[in-house]
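Notes to accompany the following structure.
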Amino acid sequence: MRRLALVLSCGVGFAAVTWLGGWWGALVMAGILGAMLQSFAPGLVGLAAGLAWLGMILQADRHGSLGRLLERLGGVFGIPGWTIVALAAGVAFLTCWSGARVGSLLRREPRTGNR
Amino acid sequence: MAVLVAAGLGGLSSAPPAPLPRLGPFLEPRRGVWDVARQAELPASALGMIPGLRRAVAVRYDDRGVPHIFAENEPDAIRALGYVVARDRLFQLELQARAGAGTLTELVGARALPLDRQTRGLGLPAAAEARLAELADSGHARALIEAYADGVNAWIAHLETGGAPLEYQLLGRRPVRWAPINTFHLLNQMGWTLTQSDLEDRKDAAARIIGAAAAEALYPRNSPIQEPLQPNGQRRPREEMPTLPPPQLLAAIPPGGGGPSLSGACVPTRFCGARDALGSNNWAVAPARSATGHALLAGDPHLGLSVPAIWYEAHLVVADSLDVYGVTIPGAPGVVIGFTRDVAWSFTNVEADLQDRYLEVVDDSTAPSRYRLDGAWRPVGLRTERYLGPNGQLLRTDTVRYTHRGPLSRAADGRWRSLRWTALEAPSSVEPLSRAPTAHTVGEWFAVMTGWLSPPQNMVVADRAGTIGIRSTGRFPIRPADRGDLLQRGDTSATDWQGDWPVAEWPQAINPPQGYLASANQQPVDPRVNRRYLGANWYSPWRALRINALLRADSQVTVDDMRRFQTDPFSAATERLLPAFLAAARQFPLHDSLQRAAARLAEWDGRYTIDNPRAALFEAAVSELQLRLWDELSPTNGRPALVMVWALLADPDNPWWDDQRTPEVREGRDQLLAAALLVADGKLQREHGPPDAGGWRWDRVRSMDIYHLLRIPALSALGIPVQGGLGTISPLSGGSDFGASWRMVVDLGEEVRGWGIYPGGQSGNPASSRYLDRLGAWRDGQLDTLRFPRRPSDLARITATLSLEPAP
């Protein structure tokens, strides 16, 4: 339950940061989370980011405009439109998972060096 | 592992392999592609800030997505127009301006280099700079183009915190600020589209193959059928069958059929041999011949169609000075075709000859610095053109040369030629365009539009008092030898233009006794009325013949008649050519296959309706006939107008009918017609199946493809079934994307009412419900009722409001 709450609150954070700072903002936030929250697995950070982006994408719909856009984009790239949404969520997951992982490594490494 | 993933994503987001967009920015939910969905529909209410705006402007969008702009002064109305056009068509604005400026490479990369080099080599950007420099700093026209730029740039500034239209996202670019000169780039691009001509080259190349006399006859100065827009006092078309001299065959025909290619004889950007598939129409009916008792006006300019559409509908209102509804081209600071509370107007292209090419004597065959004129050397003007890529990198540098006539270039045959072209010299058309809606009568309207010099247009006008008028308006040069269809000597100033046609000589008419006026790109004036050279190789007059026939036959024309005429399925070409095929087939009664083909052709009702099963046979037969008849020429380049086929029908033994591939036989008219029909029938059966299995339906043989500006199929409208064919009022032919870009009918009664449609929709956003919402009605020949409120409160169906206020 605590993890779920943490994922959701991180998701809100990712949405806000992405809105303000774009995808680089999400990457930086993931790195910080990875460095700060030792108990929070990088995978959950990625999940939070993926859910945040998914929510933001769904929120972009205006009277069916998202469906029309996906249909056109699918035609442009020769793939089903929904796969582009999945790709966006996947990119958010991978970006933030890798950011969190790198962040956690960066925090751990100096400690090792001190020993 | 995590570092590798992060590095990979970073790489795909900064420098992805072509043609993929940059992954991170593209998929990011706020500024990325998803913002396209967020911006797709107009919010119910919005506020915009425009620097330079003097007073608040109210914009009300109706249920067709048309903005009705209510401003307190004209510059503010134009600022608002720039804003709303950019809101819906930003990428189109930039793309079209770049096309005219020759800077497409900066948007799409090196693949656009050939197009940009052509544009700059023609001197179009230099001409735009000259037009802008000519405008007085405090003048009306400059104020308008600067106001328009204010509006466009206000919308671009608004976008800086959000995403960009889809095309920018796909290209990985951001919109650039709109400069006032872009309006001239756009207008120049239209000028190029409407006035480019390859007439001299076409004739020159043909003369080298078939002799000067035959070339002269094939691309004649006067149309063999005269149905001019300036009535010539005749109650029917005047036909004058020319005698076609036989081809001399000065050059050998290569084995395998087809004559020598007319190298360079067809400008690749414009409809090689497809002129019969093109055309705009307009006409007006006087109150005495209309059912409503008011003047009626119709117009349907045909252009290369695109998604988003060439036109954008708008209504501009400034209390007590301006109230105009119509269509504007994104980038133009005003309505181009439309109506006010008093007058309505529409254009067709004059198709006059406005370009002359001069063979220059130069001092150096590779990089000339001087050219010879009247026995003395003159310096060649030089202008350096630099082509940049999307990231500012230099792609290429060119030197464009100029003589006193215009740009100098080296042709494929090595000769240096300069181009004189009215479009490079004409003053800005912004001023007359902005003044036209202030006219209250046809006379006032013509007086204002006398300042419109390029591209020349056949302007049909009607007013609420019942006056109708037509005039070919523009600059028409006077040539010393009274012809411009031949390459000219450049080493003497005696070949230079000697002035322009006086306005009184422009083809024109007001309130003719016949009670109607019409134009369809035909030769505008009967040479018996005015012999002065205006052009040659005119469009076949099929559409003009049909429109005039319909208007002559109907003395109680209704608004709905006008609408139906615009997509009328009959063709005057059919009336003249179909009987010849059937008569020819009768000469060979023992040929069973031919008789079956002729029987099928005889079943045709002559209509190009979308479900018609026989129109395809006639179309294919005409195409085969032209291939065989003009086999002394190249099959694709320099094909004479279809009306020349009709002209030859009266001369059955003319050597032109002989098929060059069968030297042992000398064919005559009937053999060639019969052979064309037989081959066409067989070809259709091979390609589309048996005649009555459904494969010959007209919409399965021919349809309209309207491509997106970037030619991306998924963003285009392809395979649209359309009524019309060879020579119909709304023509349709294979390999052409030309069509009715806007259809309008106006009833000039007590309250002026208008109906109109264009293919596509107001929004350039592919995710919008307004992207292609009009396509179905356009395809079916329907017109929408155009809402024309006097005040914001008069507009019944408001779907969105926009309040524009001065930026602090």
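Protein chains in written order, with my numbering: chain X, 1 to 115; chain G, 1001 to 1808. Heads up, the beta-carbon is just placed ideally off N, CA and C, and yes, glycines get one too.
In terms of Cβ geometry, ASP1363 (chain G) and TRP1345 (chain G) do not form a close pair [threshold 8 Å]. Between the segment 35-49 of chain X and the segment 82-99 of chain X there are three or more C-beta pairs closer than 8 Å, enough to call the two in contact. Interface flag for LEU1316 (chain G) against chain X is unset, since no Cβ pair is found closer than 8 Å. Pairwise C-beta distances place the segment 1777-1788 of chain G out of contact with the segment 78-86 of chain X, as fewer than three of them are shorter than 8 Å. For ILE79 (chain X), there are no C-beta contacts with chain G under 7 Å, since the nearest C-beta of that chain is about 11 Å from it.
Identification of residues in the segment 1712-1745 of chain G having a C-beta nearer than 8 Å to some C-beta of chain X yields ILE1712, PRO1713, ALA1714 and LEU1715, given in sequence order. For ALA1040 (chain G), the nearest beta carbon of chain X is closer than 8 Å to its own beta carbon.
Residue pairing from DSSP leaves GLY1406 (chain G) without any beta-bridge partner. Within chain X, not a single residue places a beta-carbon under 7 Å from that of SER1197 (chain G); the smallest gap is close to 37 Å.
Taking C-beta atoms as the reference points, LEU33 (chain X) and CYS10 (chain X) count as a pair closer than 8 Å.
Between LEU1171 (chain G) and LEU1081 (chain G) a beta carbon distance of about 26 Å is seen, past the 8 Å cut, so the two are scored as non-contacting. Secondary-structure assignment with DSSP links GLY1048 (chain G) through a beta bridge to G:LEU1804. LEU1601 (chain G) counts as buried, since no fewer than 16 other beta carbons sit within 10 angstroms of its beta carbon. Selection G:GLN1118, G:ARG1089, G:VAL1084 and G:LEU1090 evaluated against ALA1099 (chain G) yields G:GLN1118 as nearest (Cα-Cα).
Of all residues in the segment 1760-1793 of chain G, only PRO1766, ALA1767, SER1768 and SER1769 come within less than 7 Å of chain X when Cβ atoms are compared, listed by chain position. The Cβ of GLU1028 (chain G) sits closer than 8 Å to at least one Cβ of chain X.
The Cβ-Cβ distance between GLY1406 (chain G) and LEU1433 (chain G) does not fall below 8 Å. The continuous beta strand (DSSP E) containing PHE1339 (chain G) extends over residues 1337-1339. Around ALA1572 (chain G), the same chain offers PRO1541, TRP1542, ARG1543, LEU1545, ARG1546, ALA1549 and GLY1727 as residues with beta carbons nearer than 8 Å, after the five sequence neighbours per side are excluded. Going by C-alpha positions, TYR1539 (chain G) is about 26 Å away from SER1418 (chain G). Inclusion of ILE1729 (chain G) and SER1716 (chain G) in the CB contact set at 8 Å is not warranted, their separation being larger than that value. The three-state secondary structure of ASN1537 (chain G), taken from DSSP, is coil.
Taking C-alpha positions only, ASN1765 (chain G) is separated from TYR1168 (chain G) by approximately 11 Å. Straight-line spacing of the CA atoms in ILE1145 (chain G) and ALA30 (chain X) works out to 48 Å. A contact between stretches requires three or more CB pairs, one per stretch, nearer than 8 Å, and the segment 1471-1482 of chain G fails this requirement with the segment 1298-1306 of chain G.
At least one CB atom of chain X sits nearer than 8 Å to the CB of ARG1031 (chain G). Contact note: LEU1709 (chain G) does not reach chain X at a C-beta cutoff of 9 Å; the least C-beta distance is about 14 Å.
Sixteen is the threshold: when 16 or more other Cβ atoms of the shown chains lie within 10 Å of the Cβ of ALA1006 (chain G), as they do, the residue is buried. Per DSSP, GLU1028 (chain G) lies in no beta strand (DSSP E) and is assigned neither H nor E.
Under DSSP, TYR1608 (chain G) forms no beta bridge with any residue. Here PRO1569 (chain G) really is in contact with GLY1724 (chain G); their C-beta atoms are around 7 Å apart, less than 8 Å.
About 31 Å separates the Cβ atoms of LEU70 (chain X) and ARG3 (chain X), ruling out a contact at the 8 Å cut-off. Between the segment 1431-1445 of chain G and the segment 1377-1386 of chain G there are fewer than three C-beta pairs closer than 8 Å, too few to call the two in contact. Under the three-state reduction of DSSP, THR1662 (chain G) is assigned to coil, being neither helix nor strand. A direct Cα-to-Cα measurement between THR1609 (chain G) and TRP1696 (chain G) gives close to 12 Å.
With a threshold of 8 Å between beta carbons, PRO1025 (chain G) makes contact with chain X.
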